[in-house]
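Novice: Note that the protein sequences, when read in sequence, are chains A and L. Position one of the first sequence corresponds to residue 365 (our numbering), numbered consecutively onward. Position one of the second sequence corresponds to residue 365 (our numbering), numbered consecutively onward.
2 protein chains.
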Amino acid sequence: MSKGLRTRREIVNTALTMALDVGLEGVTLGTLATELDLSKSGLFAHFRSKEALQLAVVAEAEAWFALTVVRPALALPRGEPRVQGLFEGFLRWVRGEIRAESADERPPALGGNRCIFMALAEEYDDRPGDVRDALVRAQRAWRATIERACRLAVDEGHFRRDVDPTQFAFEFMGVVMTFKHSLKLLEDDDAEPRARVAFGGLLARSRAVA
Amino acid sequence: MSKGLRTRREIVNTALTMALDVGLEGVTLGTLATELDLSKSGLFAHFRSKEALQLAVVAEAEAWFALTVVRPALALPRGEPRVQGLFEGFLRWVRGEIRAESADERPPALGGNRCIFMALAEEYDDRPGDVRDALVRAQRAWRATIERACRLAVDEGHFRRDVDPTQFAFEFMGVVMTFKHSLKLLEDDDAEPRARVAFGGLLARSRAVA
DNA sequence: CGACAATACGACCGATCGTGCTATTTTGCA
DNA sequence: TGCAAAATAGCACGATCGGTCGTATTGTCG
Numbered sequence: 365m366s367k368g369l370r371t372r373r374e375i376v377n378t379a380l381t382m383a384l385d386v387g388l389e390g391v392t393l394g395t396l397a398t399e400l401d402l403s404k405s406g407l408f409a410h411f412r413s414k415e416a417l418q419l420a421v422v423a424e425a426e427a428w429f430a431l432t433v434v435r436p437a438l439a440l441p442r443g444e445p446r447v448q449g450l451f452e453g454f455l456r457w458v459r460g461e462i463r464a465e466s467a468d469e470r471p472p473a474l475g476g477n478r479c480i481f482m483a484l485a486e487e488y489d490d491r492p493g494d495v496r497d498a499l500v501r502a503q504r505a506w507r508a509t510i511e512r513a514c515r516l517a518v519d520e521g522h523f524r525r526d527v528d529p530t531q532f533a534f535e536f537m538g539v540v541m542t543f544k545h546s547l548k549l550l551e552d553d554d555a556e557p558r559a560r561v562a563f564g565g566l567l568a569r570s571r572a573v574a
Numbered sequence: 365m366s367k368g369l370r371t372r373r374e375i376v377n378t379a380l381t382m383a384l385d386v387g388l389e390g391v392t393l394g395t396l397a398t399e400l401d402l403s404k405s406g407l408f409a410h411f412r413s414k415e416a417l418q419l420a421v422v423a424e425a426e427a428w429f430a431l432t433v434v435r436p437a438l439a440l441p442r443g444e445p446r447v448q449g450l451f452e453g454f455l456r457w458v459r460g461e462i463r464a465e466s467a468d469e470r471p472p473a474l475g476g477n478r479c480i481f482m483a484l485a486e487e488y489d490d491r492p493g494d495v496r497d498a499l500v501r502a503q504r505a506w507r508a509t510i511e512r513a514c515r516l517a518v519d520e521g522h523f524r525r526d527v528d529p530t531q532f533a534f535e536f537m538g539v540v541m542t543f544k545h546s547l548k549l550l551e552d553d554d555a556e557p558r559a560r561v562a563f564g565g566l567l568a569r570s571r572a573v574a
């Protein structure tokens, strides 16, 4: 990989980390450049606008999410185990545990740990533009992933036939969102067990009586 | 009420509305002054710092929330009706329907409609300061309100004795958060019925068999 | 090694940020 | 109605915003 692309990735990953603290609009070219020991103009040359940088950040977040959350779950057997894997992966993600594939790729967000998608959802939910569009696309894809896993669980006979995958994904998201809220804002130590109880209930309700 | 206090409220309510679009940090003294046909310094004189303005906005939001969500629910009979009232009020709030008590008090946020507390939760969940502290206090109070209503429902015999009010409030919040996410970001038309199904399930699980 | 393209830098632009200070207008009351 | 007090405006400040441009440095490859 060329020098340019390497620094570009460093920029994007650092911007991703900073965005967790101050939001994506709050990531400033100046502070970002200082953080990276780069000149502002040298940094800016990699993207022709700030919005391009923001889009790159969203794309990078998607890549890490796929690697950390989706991929490991897809390695699990289809049905309930995979659904559970998605949930566990999502918890890891919200806790800020991001894993790198190869050794030389350091993952972002070592300190500032929280789900950037939920942060961006609030930041952009009524701010039209390409960033919002990219975000919506990513979130819809994620919901679809949950739905697909749920549908497979129905097909496998793990879940009841009358389980609605869309409703399942809707409630799945709710559990993780309130988990994040409790953990990060309210600093509730019991957030994780409570999330497991809630999700356990959702699973139990969906499960076939067998 | 003196002229000063009146304009002060106008400022705060307008800032509240703007914060729904651009976040609380994103509300600029300049744009706020322009919006209100005030000079920047004239506006600034009402608060001695931007943070004071932000704190006033949070306090104002709490007041509207109490008026729109909590108060109507407390008028309902204790037990399940009151719990349901809190949920319906919260849905109204998230949809942006804020009611004024007296005619001369125009409520804020006519256009930009979404829950400012969820937005601030993301904005401040790792940004220490007085604003965050105020927000955390407000959110904990809200959770406590839900828990109290749930406990009363247990006492009234509407809910099962082994229902955990804290867990109930945790899941209650999850339903509304995923509702807001679906409605505002994903623009899902089915968000509201899905939220009702989810909450209905939560109620059904909590209900005493009787 | 030499050369050309890729990359980074420094200076600078107009605009706007939050925040003082002082002058002027407006308000409420004696 | 007059006057102190309250409210608002005017102006300026240092800093920083996203972005441009010309130039220097550096990486890459023949």
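We put the beta carbon where it would ideally sit given N, CA and C, even for glycine. Keep in mind that this is a model prediction, so the values were computed, not measured.
Rounded to whole angstroms, what is the Cα-Cα separation between Phe-454/L and Ala-397/A?
Specialist: 42 Å
Novice: Mind listing which residues of the region 544–558 of chain L have their C-beta closer than 7 Å to chain A's C-betas, in chain order?
Specialist: His-545, Ser-546, Lys-548, Leu-549, Leu-550 and Arg-558
Novice: In the DSSP assignment, what are the bridge partners of Arg-338/L?
Specialist: Lying outside 365 to 574, the shown extent of chain L, residue 338/L is not represented and no answer is given.
Novice: Helix, strand or coil for Glu-551/A per DSSP?
Specialist: coil
Novice: Mind reading off the beta-carbon distance from Ile-510/A to Ala-533/A? Whole number of angstroms is fine, and I expect it under 8 Å.
Specialist: Right, their Cβ atoms sit about 4 Å apart.
Novice: Report, in whole angstroms, the separation of the C-beta atoms of Leu-516/L and Arg-442/L, which I expect to be a contact under 8 Å.
Specialist: Contact holds; Cβ gap of about 4 Å.
Novice: Is it buried or exposed, Leu-549/A, if we count other Cβ atoms within 10 angstroms and call 16 or more buried?
Specialist: buried
Novice: Determine the extent of the alpha helix (DSSP H) in which Ala-430/A is found, giving its start and end residues.
Specialist: For Ala-430/A, no alpha helix (DSSP H) segment is defined, and its DSSP state is neither H nor E.
Novice: Got a sec: which bits of the region 384–408 of chain L sit with their beta carbon under 9 Å from any beta carbon on chain A, in order along the chain?
Specialist: Leu-384, Asp-385, Val-386, Gly-387, Glu-389 and Gly-390
Novice: Hey, how far is the Cα of Leu-400/A from the Cα of Arg-525/A?
Specialist: 53 Å
Novice: Could you give the distance in angstroms between the alpha-carbon of Val-527/L and the alpha-carbon of Asp-519/L?
Specialist: 11 Å
Novice: Near His-522/A, which residues of its chain fall below 6 Å by C-beta distance, leaving aside the five closest residues on each side in sequence?
Specialist: Gly-443 and Glu-444
Novice: Per DSSP, what kind of secondary structure is Cys-514/A in: helix, strand or coil?
Specialist: Three-state result, Cys-514/A: helix.
Novice: Pull up the distance between the alpha-carbon of Phe-536/L and that of Ala-420/A, whole angstroms please.
Specialist: 35 Å
Novice: Mind listing the chain A neighbours of Thr-584/L? Cutoff is C-beta to C-beta under 8 Å, in chain order.
Specialist: As shown, chain L starts at 365 and ends at 574. That puts residue 584/L outside it, with no answer to give.
Novice: Please name the residue, chosen from Ser-405/L, Asp-494/L and Leu-384/L, that lies closest to Gly-460/L on a Cα-to-Cα basis.
Specialist: Leu-384/L
Novice: Taking the alpha-carbon positions, what's the Pro-557/A to Leu-567/A distance?
Specialist: Taking the straight line joining both Cα atoms gives about 15 Å.
Novice: Please determine, among Cys-514/L, Val-573/L, Glu-551/L and Arg-571/L, the residue with the shortest C-alpha to C-alpha distance to Ala-437/L.
Specialist: The residue with the shortest Cα to Cα distance from Ala-437/L is Cys-514/L.
Novice: Locate the alpha helix (DSSP H) running through Val-575/L, then write down its first and last residues.
Specialist: For chain L, the structure presents residues 365 to 574; residue 575/L sits outside this window and is missing.
Novice: How would you label Met-541/L, buried or exposed, when you count the other beta carbons within 10 angstroms and need 16 or more for buried?
Specialist: buried
Novice: For Phe-523/A, go through chain L and note every residue whose CB falls closer than 7 Å to its CB, in chain order.
Specialist: Residues of chain L passing the Cβ test: none, with the nearest at roughly 15 Å.
Novice: Rounded to whole angstroms, how far is the Cβ of Val-433/L from the Cβ of Leu-407/L, which I believe are closer than 8 Å?
Specialist: Beta-carbon to beta-carbon, Val-433/L and Leu-407/L are separated by about 29 Å, too far to satisfy the 8 Å threshold.
Novice: Give a yes or no on whether the minimum CB-CB distance between Gly-565/A and chain L is below 9 Å.
Specialist: yes
Novice: Take Phe-563/A as the anchor and find which of Phe-543/A, Leu-547/A and Glu-551/A has the nearest alpha-carbon.
Specialist: Phe-543/A
Novice: Pick from Leu-417/A, Arg-560/A and Gln-503/A: whose alpha carbon is nearest that of Ala-430/A?
Specialist: Gln-503/A
Novice: By DSSP, does Gly-493/A sit in helix, in strand, or in coil?
Specialist: coil
Novice: On the criterion of 16 or more Cβ atoms from any shown chain inside 10 Å, does Pro-529/L qualify as buried, or is it exposed?
Specialist: buried
Novice: Roughly how many whole angstroms lie between the Cα atoms of Gly-390/L and Asp-490/L?
Specialist: 17 Å
Novice: In chain A, which residues lie less than 8 Å from Val-561/L when you measure between Cβ atoms?
Specialist: Gln-531
Novice: Show which residues of chain L have a CB atom less than 9 Å away from the CB atom of Met-537/A.
Specialist: By Cβ distance, chain L contributes Gly-538, Met-541, Thr-542, His-545 and Ser-546.
Novice: Shorter than 9 Å from the beta carbon of Leu-499/L to some beta carbon of chain A?
Specialist: yes
Novice: Please work out which residues of its chain come closer than 6 Å, Cβ to Cβ, to Val-376/L, disregarding the five sequence neighbours upstream and downstream, and give them in chain order.
Specialist: Only Ala-420, Val-421 and Glu-424 meet the Cβ criterion.
Novice: Does the Cβ-Cβ distance between Ala-559/L and Val-539/L come in under 9 Å?
Specialist: For Ala-559/L and Val-539/L, yes; Cβs fall inside 9 Å.
Novice: Using 9 Å as the limit for Cβ to Cβ distance, is Asp-489/A near chain L?
Specialist: yes
Novice: How many Å lie between Ala-439/L and Asp-494/A at the Cα?
Specialist: 45 Å
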